[in-house]
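Chains as they are written, first to last, in the numbering used here: chain R, -6 to 318; chain Z, 8 to 336. All residues carry an ideal CB built from backbone N, CA and C; glycine is no exception. Reviewing the structure listed below.
Written out as structure tokens, the structure is:
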């Protein structure tokens, strides 16, 4: 098992190095463009351009430029934005990470619990009105764009019904650090969590129902019945347990994407200054160092959560474990 | 030989299994009756679609298709199983009547070790602790002739060979000392040497534990090995039943004759081609009126337009008009 973990971590490091080279090449070695001009921003003065050239070592070979950039990203962390003069890129990402993490982890909890409940109930009552209603609700959830849900939620809780007893507790938009005020943190995030989770509850609930129904057609469920086990045990220990494999692999990918900045729309709508929000602002100003850093951060997260999924996969399914070892 | 006057362990009477469909009710099993004595091995033989597996699933109460309709009576140790509550049925399943299946790979949950799965059944029907249940699993695997049971108990189904998997499956089925074991083609997916080992194992079980076995197969060779009595099914009905020596020595239904002819002879001249029964069994939706075997039968004649009941012939029961006409095949 330890060998499997180490091998997977090694692969992960390899993929991450590859991604960093790819990102570097896209930003610094696209033929026919001057990276210095793009980094300096629109209408930059000649002195700024010169400073950028010197700063990033554009007078030196590509390999040196790459090493220099990696050093500034991961060792010294002093990569600076030229659009927002003096904004240090790495610290601003590190500052944004807890916000994104709070949002995504909370939403993930909501959607895992809710979608397992939806999928299981729909499977238990398959073919009945409950099943159909849940599946239609799921479809509606998938169809509603998160920014629209967010805006509607804001409209209701921040403005129209804010003064009623039901929503008077809702704080203004923005993030409250967990370490400062846990209750405030929860209040500020609970609506964004739900808004972000709705899509995934629908999606995962439907997928889980399908794989549960499939599991119920398997021979081992018939065996479990023949063994005289109770229906609850058959559902949770046999059907749900074997259906978890699909569920976990989907979860890993989505979670990685969201932590990597994929919750951009939610963060913008709810005014949460997370990684997605940072990317959003950088895109508006064409702030290349920030975009580059967030892209790299995002891809690292997708790779890391993929590796985590593979390891969980191995824990869930013994057949995978042995194939790897 | 089992005592014929004793109360049978299992008595199935007029069992019908039908399915509601767009074309009306489809009868998969029709008016099936049989009895099984304690310690007896009954072989149920037939082609796929003959209703033999459905019969065994019906005994276990495992037909959960919402469109299935079951009628008739299934009495186990004098107790009616038909219409028993789920909870009561659960206490019978696994503890009193156990079942093994054709493909032990897909019949075991892939994510748990075989020991875990055996212990699960033990614990479902007894108050043993986890540790005791595990010890019981090791003991059972050893009894099934598995080498190094202490080691094998922690292996997953996919890590075992087909024969070892089937042994684990049998160990699990026997974990609560059931009085009746239903084996649904347990050797079909195995190669011939392993088949013989599993058959020997099942015979031993009968000797040591006195369990009755319903052995479902389509292989007359396997029947010859193991059965005390034989029940041949065709298109959801019993066409012939009786003690094995009688049925093998003097098969009376043309279908049984056909099945026996399809076994390659062990001695004498090798036939150029094995005789085969012409045609294919009718599908459940298009069963012929009259004798269901009629269209494939060499002895087909006018009387066959009426579906024959079971006629007694010595110790056999045969569903063929040739019997009263004194011209049994």
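Under 9 Å, Cβ to Cβ, is there at least one residue of chain Z near residue i?
i	result
residue -4 of chain R	no
residue 228 of chain R	no
residue 218 of chain R	yes
residue 213 of chain R	yes
residue 310 of chain R	yes
residue 224 of chain R	yes
residue 157 of chain R	no
residue 235 of chain R	yes
residue 120 of chain R	yes
residue 231 of chain R	yes
Residue i: buried (16+ other C-beta within 10 angstroms of its C-beta) or exposed?
i	result
residue 93 of chain R	buried
residue 198 of chain Z	exposed
residue -6 of chain R	exposed
residue 266 of chain Z	buried
residue 132 of chain Z	buried
residue 248 of chain R	buried
residue 240 of chain R	buried
residue 107 of chain R	buried
residue 136 of chain R	exposed
residue 221 of chain R	buried
residue 274 of chain Z	exposed
residue 249 of chain Z	buried
residue 32 of chain Z	exposed
residue 213 of chain R	buried
residue 313 of chain Z	exposed
Leaving out the 5 sequence neighbours to the left and right, which residues in its chain are closer than 6 Å to residue i when beta-carbon positions are compared?
i	result
residue 167 of chain R	264
residue 260 of chain R	267, 269 and 270
residue 274 of chain R	none
residue 46 of chain R	29
residue 102 of chain R	none
Counting along the chain, where does the beta strand (DSSP E) carrying residue i start and finish?
i	result
residue 132 of chain R	Premise fails: residue 132 of chain R lies in the alpha helix (DSSP H), 122 to 136, not in any beta strand (DSSP E).
residue 185 of chain Z	It is not in any beta strand (DSSP E) - residue 185 of chain Z carries neither H nor E in the DSSP assignment.
residue 17 of chain Z	17 to 28
residue 224 of chain Z	219 to 224
residue 59 of chain Z	Careful: residue 59 of chain Z lies outside any beta strand (DSSP E), inside the alpha helix (DSSP H) at 59 to 67.
residue 83 of chain Z	75 to 83
residue 48 of chain Z	48 to 52
Provide the residue span of the alpha helix (DSSP H) that contains residue i, from first to last.
i	result
residue 106 of chain Z	That residue, residue 106 of chain Z, is in no alpha helix (DSSP H); its beta strand (DSSP E) goes 104 to 107.
residue 250 of chain R	234 to 250
residue 331 of chain Z	Taken as a continuous stretch (DSSP letters only), residue 331 of chain Z belongs to no alpha helix (DSSP H), as it is neither H nor E.
residue 180 of chain R	175 to 209
residue 306 of chain R	281 to 309
residue 97 of chain R	82 to 117
residue 41 of chain Z	Here residue 41 of chain Z belongs to no alpha helix (DSSP H); instead the beta strand (DSSP E) covers 31 to 43.
residue 268 of chain Z	261 to 268
Who are the near neighbours of residue i in its chain, counting only those whose CB is closer than 7 Å to its CB and skipping five residues on each side?
i	result
residue 218 of chain Z	185, 186, 187, 188 and 212
residue 303 of chain R	1
residue 301 of chain R	245
Is there at least one Cβ from chain R nearer than 9 Å to residue i's Cβ?
i	result
residue 171 of chain Z	no
residue 207 of chain Z	no
residue 328 of chain Z	no
residue 228 of chain Z	no
residue 40 of chain Z	no
residue 198 of chain Z	no
residue 113 of chain Z	yes
residue 69 of chain Z	yes
residue 126 of chain Z	no
residue 106 of chain Z	yes
residue 116 of chain Z	yes
residue 166 of chain Z	yes
residue 73 of chain Z	yes
residue 179 of chain Z	yes
So, at 8 Å on beta carbons, what are the nonlocal neighbours of residue i in its own chain, with the 5 sequence-adjacent residues on each side left out?
i	result
residue 234 of chain Z	48, 49, 50, 222 and 251
residue 98 of chain Z	132
residue 167 of chain Z	121, 159 and 175
Indicate whether the contact test is met: 3 or more Cβ pairs, each with one atom in the region 130 to 141 of chain Z and one in the region 221 to 238 of chain Z, closer than 8 Å. In short, these stretches do not touch, since the Cβ pair count stays below three.
Give a yes or no on contact between the region 13 to 24 of chain Z and the region 72 to 84 of chain Z, applying the rule of three or more CB pairs nearer than 8 Å. The region 13 to 24 of chain Z vs the region 72 to 84 of chain Z: in contact.
Could you tell me whether the region 245 to 258 of chain Z touches the region 202 to 216 of chain Z, where touching means 3 or more Cβ pairs closer than 8 Å? Output reads no: the region 202 to 216 of chain Z does not touch the region 245 to 258 of chain Z.
Decide yes or no for the touch test of the region 158 to 174 of chain R against the region 108 to 115 of chain R: beta carbon pairs closer than 8 Å, at least 3 of them. The region 158 to 174 of chain R vs the region 108 to 115 of chain R: no contact.
Pair every Cβ in the region 284 to 303 of chain R with every Cβ in the region 242 to 261 of chain R, then say whether three or more of these pairs are closer than 8 Å. Yes, the region 284 to 303 of chain R touches the region 242 to 261 of chain R.
If we count Cβ pairs, one from each stretch, closer than 8 Å, do we get three or more for the region 116 to 123 of chain Z versus the region 93 to 105 of chain Z? No, the region 116 to 123 of chain Z does not touch the region 93 to 105 of chain Z.
The region 125 to 137 of chain R in contact with the region 203 to 212 of chain R per 3-pair CB rule at 8 Å: The region 125 to 137 of chain R and the region 203 to 212 of chain R do not touch, with fewer than 3 CB-CB distances between them shorter than 8 Å.
So, do the region 278 to 291 of chain Z and the region 301 to 312 of chain Z have three or more beta carbon pairs nearer to each other than 8 Å? Because the criterion of three Cβ pairs below 8 Å is met, the region 278 to 291 of chain Z and the region 301 to 312 of chain Z touch.
Do the region 131 to 144 of chain R and the region 225 to 245 of chain R make contact, defined as three or more Cβ pairs closer than 8 Å? Here the region 131 to 144 of chain R makes no contact with the region 225 to 245 of chain R; the two share fewer than three CB pairs at distances below 8 Å.
Quick test of the definition: if touching needs 3 or more C-beta pairs under 8 Å, does the region 28 to 44 of chain Z touch the region 56 to 65 of chain Z? Enough Cβ pairs lie closer than 8 Å, so yes.
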